[in-house]
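Participant: In the working numbering, the protein residues as written are 3 to 161.
(1) Using the DSSP secondary-structure output, state which residues sit across from residue 158 in a beta bridge.
(2) What residues in its chain sit with their C-beta under 7 Å from that of residue 46, if we drop five residues either side in the sequence?
(3) What residue from 93, 122, 48, 43 has the CA that sits closest to residue 80's CA?
(4) Taking the continuous beta strand (DSSP E) assigned at residue 62, which residues delimit it?
(5) Take every Cβ of the region 50-65, pair it with every Cβ of the region 94-108, and state whether three or more of those distances are shorter than 8 Å.
(6) How should residue 90 be labelled, buried or exposed, when 16 other C-beta atoms within 10 angstroms of its C-beta is the threshold for buried?
(7) Considering only their Cβ atoms, is the gap separating residue 128 from residue 111 smaller than 7 Å?
(8) Identify, in the order they occur along the chain, each residue of the same chain with its Cβ nearer than 6 Å to the Cβ of residue 156, setting aside the five sequence neighbours on each side.
(9) Would residue 134 be called buried (16 or more neighbouring beta carbons within 10 Å of its own) or exposed?
(10) For the alpha helix (DSSP H) containing residue 41, list its first residue and its last residue.
(11) Report the rounded CA-to-CA distance for residue 106 versus residue 117, giving the unit in angstroms.
(12) Would you report the Cα separation of residue 54 and residue 143, rounded to the nearest angstrom?
(13) Let me make sure I understand the geometry here. Which of 145, 49, 122, 150 has the alpha-carbon closest to that of residue 108?
(14) Which of the three DSSP states is assigned to residue 120 in this structure?
(15) Output the distance between the C-alpha atoms of residue 151 and residue 132, rounded to the nearest integer angstrom.
(16) Under 8 Å by Cβ, that's how I've got residue 82 and residue 99 pegged, so tell me the actual separation to the nearest angstrom.
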């Protein structure tokens, strides 16, 4: 009986993960096939809606932002500013700098930020990501030193 319960539990876990992975893969495909109309495709305001975790360059997990948490990015043709609000954390999180898009690579070079972010900027000013962009959504994907995907932040256009 224990083996049967274990098999049922394991099967339900595998099936639930598989459905989520398919949904994520379809989202990535949709983003890749959209046509970008603008010379500055990131120009505007964007809100973080979720994350992907990768293993062997494949999405293994996805999750939405936690209720009450907000992260917004605003892009002009050459500048970026972002802020993050975490209700239970009194620490401020924001950064400001410039950015470039070169093909499928997004590079943000931060000039200054909140107290916590300034400590990070002292160590690392330049943040490079793989970029997958559509008209109303984009993903910025963290890549490790071997060129493998680690995780992605996924945004939707709010303006």
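Positions of the beta carbon are idealized from the N, C-alpha and C atoms, including for glycine. Keep in mind it's a predicted model, so treat the numbers as computed, not measured.
Facilitator: Let me spell this out:
(1) In the DSSP assignment, residue 158 is bridged to 49, 139.
(2) 77, 159, 161
(3) 43
(4) 60-66
(5) no
(6) exposed
(7) It is a contact, given that the beta carbons lie within the stated cut-off.
(8) Answer for residue 156: 51, 52, 141, listed in chain order.
(9) In summary, residue 134 is buried, with 16 or more beta-carbon neighbours lying within 10 Å of its beta-carbon over all protein chains present.
(10) It is not in any alpha helix (DSSP H) - residue 41 carries neither H nor E in the DSSP assignment.
(11) Roughly 31 Å separates the two Cα atoms.
(12) 9 Å
(13) 145
(14) Helix, per DSSP.
(15) 9 Å
(16) 6 Å
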